[in-house]
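Numbering (the UniProt record's numbering), first residue to last: 1 to 154. The structure under discussion appears below in the form of structure tokens.
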């Protein structure tokens with residue numbers, strides 16, 4: 001059974017590990033090893049992550065006490081992260097997170113959500129009513145990665 005709750009500071013290490021593992025496994029089909037390492041380097045800045053996750057509205061989904069996924073949105077309506085552990089793909093975890101993020105946006109009078117979706121995540125967002133505004137080439141640690149700037153009007 002999956003449960004969703006707001007992020008707590010003590011979740012940071014587990015969330016950052018999940019991010020790293022997900023990028024290097026789930027996104028592997030769409031990006032090169034060099035791109036994956038640039039996007040999620042082995043040495044991540046936990047302090048920066050802790051600050052960002054605490055400043056944004058962040059939720060985590062747990063399964064048997066272990067974090068299976070997380071997502072966050074900032075005050076402007078930018079959906080910053082949506083990551084689900086490789087062992088929990090296709091189980092509705094991303095949908096739970098997306099719904100919580102969208103409900104939070106509505107409750108805070110955010111009428112437009114934007115996201116820079118990876119090649120991997122683009123079909124999920126399209127399925128849930130997000131539209132592509134433009135394809136982007138973004139630089140991360142010396143590598144160029146393709147993503148899609150998308151929006152959804154609530």
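C-beta: ideal position from N, C-alpha, C; glycine also. Only a predicted model underlies this, so the values are computations on that prediction, with no experimental measurement involved.
Under the Cβ criterion (8 Å, minimum of three pairs), the region 57-71 does not count as touching the region 26-37. In the structure shown, residue 7 falls within a coil segment according to DSSP collapsed to helix, strand and coil.
Under DSSP, residue 113 shares a beta bridge with 152. Put simply, the backbone Cα of residue 114 is about 31 Å away from that of residue 64.
The DSSP-derived three-state label of residue 120 is coil. C-alpha of residue 8 to C-alpha of residue 54: approximately 8 Å in a straight line.
Residue burial annotation: residue 66 is exposed, with fewer than 16 other C-beta atoms found within 10 angstroms of its C-beta. For residue 143, the beta-bridge partners assigned by DSSP are 140. Cβ contact annotation for residue 140 (same chain, cutoff 8 Å, sequence separation greater than five): 35, 38 and 39, in chain order. Counting every other CB atom within 10 Å of its CB across the protein chains shown gives residue 46 a total below 16, marking it as exposed.
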